[in-house]
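Residues in the sequence shown are numbered consecutively from 2, following our numbering.
Where is the CB? At the ideal position from N, CA and C, for every residue including glycine.
As the structure is a computational prediction, the values presented were derived from the model and not from experiment.
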Amino acid sequence: MKHPSVLYTGLLLLLLFQRCCTGLAQEITHIYQFNNSLSESGLHCGPALLQAKALGSCSPSSSPGLFLTDSISACAAKKTVYHNSMSWGLQYPNTTGVITGTYTIHLYAKTTDFGVKTWARIIDFSNGLSDNGIYFIRSAAPVDRCLDFYPNSTVGTCPYFNDTTYYLLTFTRNNATGIIDVYVNSVLFSSYNDAAGLYKGVAGVPIYIYRDDKAITCESGEANFAYLSFGNTYSTLADVQKVFKSICPLSNTSVSDFSVSLPSTCHLNQNVTVTYTGSVPPPGAGYTFAWDWDGGTVVSGSGMGPFVVNWNTTGTKNIALTVTTGLCTTETITNNVPVTVHNMRFSVSAKPATCSNAANGLIELSASGGTPPYQYSIDGQNYKSTGTFTTAPGTFSAFVKDAGDCSEATSVTVGYTDNSSPWLSVLGNDTAICKGDSLTAKVPLAGVSLRWQDGSSADTLLIRNEGRYWVDMTVDGCTYRDTLLVSFKNEPPAFPIKDTIICENSSLSLDISGTGDSYLWEDNTTGPVYHTAHAGRIKVSITREGCTYADSIRVGIRPLPNPQLGPDRELCPDERLILPADPGINHTWQDGSAAPSYTVTVPGIYSLTETNSCGSRSDTLEIKQVNCLVELPNAFTPNQDGDNDIFKVLHPGNIKEFSMIIYDRWGKELFVSRNVNTGWDGRTNGRMQQPGTYAWFVQYIDSNGKKRIRSGTLILIR
2 MKHPSVLYTG
12 LLLLLLFQRC
22 CTGLAQEITH
32 IYQFNNSLSE
42 SGLHCGPALL
52 QAKALGSCSP
62 SSSPGLFLTD
72 SISACAAKKT
82 VYHNSMSWGL
92 QYPNTTGVIT
102 GTYTIHLYAK
112 TTDFGVKTWA
122 RIIDFSNGLS
132 DNGIYFIRSA
142 APVDRCLDFY
152 PNSTVGTCPY
162 FNDTTYYLLT
172 FTRNNATGII
182 DVYVNSVLFS
192 SYNDAAGLYK
202 GVAGVPIYIY
212 RDDKAITCES
222 GEANFAYLSF
232 GNTYSTLADV
242 QKVFKSICPL
252 SNTSVSDFSV
262 SLPSTCHLNQ
272 NVTVTYTGSV
282 PPPGAGYTFA
292 WDWDGGTVVS
302 GSGMGPFVVN
312 WNTTGTKNIA
322 LTVTTGLCTT
332 ETITNNVPVT
342 VHNMRFSVSA
352 KPATCSNAAN
362 GLIELSASGG
372 TPPYQYSIDG
382 QNYKSTGTFT
392 TAPGTFSAFV
402 KDAGDCSEAT
412 SVTVGYTDNS
422 SPWLSVLGND
432 TAICKGDSLT
442 AKVPLAGVSL
452 RWQDGSSADT
462 LLIRNEGRYW
472 VDMTVDGCTY
482 RDTLLVSFKN
492 EPPAFPIKDT
502 IICENSSLSL
512 DISGTGDSYL
522 WEDNTTGPVY
532 HTAHAGRIKV
542 SITREGCTYA
552 DSIRVGIRPL
562 PNPQLGPDRE
572 LCPDERLILP
582 ADPGINHTWQ
592 DGSAAPSYTV
602 TVPGIYSLTE
612 TNSCGSRSDT
622 LEIKQVNCLV
632 ELPNAFTPNQ
642 DGDNDIFKVL
652 HPGNIKEFSM
662 IIYDRWGKEL
672 FVSRNVNTGW
682 DGRTNGRMQQ
692 PGTYAWFVQY
702 IDSNGKKRIR
712 SGTLILIR
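What follows is the structure, encoded as structure tokens:
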């Protein structure tokens, strides 16, 4: 079956064939693929392209052009292309008038050199007599070019074209409208109104590609041509998109192309499928297909195929297809594809290991009859150049592959000599331990390499948890494994009492009956019931079915409430006192309220009662009102008569951090006292001051801790 892309190409070529060579004779397309030939592809009866020298005074190269191989990135492959030399181009004879008023020209090419002039000719319809034509024109950019319909205008995006890219340029003209549509790849590049008919062909007048005229010479360029076609129909956007989509197979497919399913076989008489992939549509009317199988036997197939073929001898077999066409002129095209026939053979042998887990078994693989070098594997993943494998016992899939992608596979089993019995009971019988206890497993053997499941290599293993434990014992190249299953006799009892809290001045009885067979508390008492009135952690050992487990309970004491309002207080007339309560406990003030605090503004007896799950307690506080403001006289007579001789505070009370300053009328400091009981006797530095008015300033902290400031005047009388 054809690959979808090949099938698509075949359908397209069939359509073109039907237009050319069937009853739709008015629709003609001539295709040129440049596969080492300037001839038409053999399908459309078209004339061969001719190498045409540029007219005018420019000296052309000695060689018109050559065929070379170029990478076409859009096709992800290399292809044979035709490269024209500078001042040389191609001539399409147009003998039958395929290119006239309505036409389509597809040009898939890469311009490698735009020449030295401003213009470089692409298509000439005038047989070299006129400078009118389609050109590349130099732009302001140093490399890129624009498209120009000389002598009229530049069309499309400018600049656009470079010298590194293959473009499919499509020029299609509708004679009914005079419009030429220009496509680049599959996108409409520009539409040009050629009502004057400057860019149309005439039957019998050649069409020139990349060849300059004689009116203004040397306007030539060089290009690599991968595909060129001339048709007498107008193409729509959909038509152009179909051509661009299939441009890679269109530019490569030959009438004699075919594919083989296997470039090389691995065995004699192995079937190879040969499929015709050329451009001739079935059933190939007008063509003769001659196949040469180079000694092969045709299992099935005839004509255009497909064929199934095999060979009974080794070596390189050259399949050849010669296609002869008589549609227009007799032409013969031959294609050769080699197939290499091998007869690879694979032998396998095995030697047993010395024990079940020793890696000293031997597998030997060998191959012949294929394409050296050979690669061998026993897992299908890791290959090496030698066929000898040392391995543990087991069944393996053995593989060999050669340099020609032939491979073979077979199964091979490596056995062993069983002498493991003495080593399978060194750890003893499976056992049970109490949870929390430990067990020491021991290998009582000398001269043995050990490895326990935890990676350790000592001759003992301390076991504290239940599970399956194993030890590998290696001696004389063999490894033996013994296992020991350890389980717990029982689970620790579930302690029925959780950590708890008891009230102050109460007791607790702890009853753990039924959790074990015997009990031992921390004070050496026995029995399932324990009494306590103290806080702390109480420990107990419980023995059940021979296993002893330790547990404990933490006992806390919740005290009775203890409200604290503090000592009795004094309250100044202008003060308020806030009594706080503990927000984390239920409480009630003397008036029955439960506010988080109580504000005192008048003297009296105040109380707070706090309650928790263990009971209630109360505290009381007496508030007395006192005068917190100091009083000083407004005059004094320091005459030493024992009456009003000292200016000082009249009723000190519980004043703290006291200071008093006396100033004269000019603000001079005369006296300072820091003792509430020490006043001014009217002297400064031992000298009595003159009678008159003086200022005083007092600062102190009252009995409630409030800072106060007072000031005034006094009269000294003498």
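Counting C-beta neighbours from all protein chains within 10 Å, is the total for residue i 16 or more, i.e. buried, or is it exposed?
i, result
"I210", "buried"
"M689", "exposed"
"V144", "exposed"
"K80", "buried"
"P207", "buried"
"E571", "buried"
"P639", "buried"
"R139", "buried"
"L717", "buried"
"Q626", "exposed"
"D575", "exposed"
"G713", "exposed"
"L25", "Here L25 scores only 39 on pLDDT, less than 50, and its place in the model should not be relied on; the value that follows carries that caveat. Counting Cβ neighbours within 10 Å, L25 comes out exposed, since fewer than 16 surround it."
"K318", "buried"
"L366", "buried"
"P497", "exposed"
"M2", "Note on M2: pLDDT 26, under 50, position unreliable in the model; no value is reported."
Hey, residue i and residue j: beta-carbon distance below 8 Å or not?
i, j, result
"A359", "C479", "yes"
"E223", "S86", "yes"
"Y550", "G456", "no"
"V340", "S265", "yes"
"I29", "G202", "no"
"T533", "S508", "yes"
"A49", "S42", "no"
"C504", "R559", "yes"
"N270", "N313", "yes"
"N176", "T103", "yes"
"T418", "T355", "yes"
"A399", "V413", "yes"
"Y193", "V183", "yes"
"T323", "A291", "yes"
"G98", "A204", "yes"
"V338", "N311", "no"
Can you tell me which residues form a DSSP beta bridge with residue i?
i, result
"P339", "N319"
"V183", "F172, S191"
"N85", "G66"
"Y136", "R122, D149"
"I702", "K657, K708"
"F376", "It should be noted that the sequence gives Gln, not Phe, for residue 376. DSSP lists K402 as partners of Q376."
"I718", "Its beta-bridge partners do not exist; DSSP assigns none."
"V530", "D512"
"P581", "S598"
"T389", "E365"
"N587", "T612"
"Q92", "L51, Y209"
Might you give, ordered along the chain, the residues of its own chain that have their beta carbon closer than 7 Å to the beta carbon of residue i, omitting 5 neighbours on each side?
i, result
"S187", "V241, Q242, F245"
"F745", "Given that the chain is displayed from residue 2 to residue 719, the structure contains no residue 745 and the question cannot be resolved."
"G605", "I624"
"A393", "A354, N358, A359, A360, G362"
"S488", "A433, E467"
"D500", "I554, R555"
"K215", "L56, G57, G129"
Quick one: what's got a C-beta closer than 6 Å to residue i's C-beta in the same chain, skipping five residues either side?
i, result
"T685", "L671"
"K402", "Q376, S408"
"L108", "L170, L229"
"C22", "With a pLDDT of 39 at C22, under the threshold of 50, the modelled position of this residue cannot be trusted; read the value that follows with caution. Once the five neighbours on either side are set aside, C22 has no close Cβ partner at all."
"C629", "C573, D703"
"W681", "F648, I663, F672"
"T694", "T714, I716"
Under 8 Å, Cβ to Cβ, is there at least one residue of chain D near residue i?
i, result
"T549", "Absent from the structure: chain D. Only one protein chain is present."
Residue ranges of each beta strand (DSSP E) within the segment 299-336, 3 or longer = 308-311, 316-326
Considering only residues of the segment 602-631, which uninterrupted beta strand (DSSP E) runs meet the minimum length of 3 residues and lie entirely inside it, listed in chain order?
-> 605-613, 616-626
3-residue-minimum beta strand (DSSP E) runs that sit fully inside the segment 473-509, ordered along the chain | 479-489, 501-504
Which ranges does the alpha helix (DSSP H) cover as unbroken runs of at least 4 residues, wholly within the segment 214-281, from first to last along the chain?
-> 238-246, 248-253
What are the uninterrupted segments assigned as beta strand (DSSP E) that are 3 or more residues long and contained completely in the segment 407-453, given in chain order?
-> 408-415, 432-434, 440-443, 450-453
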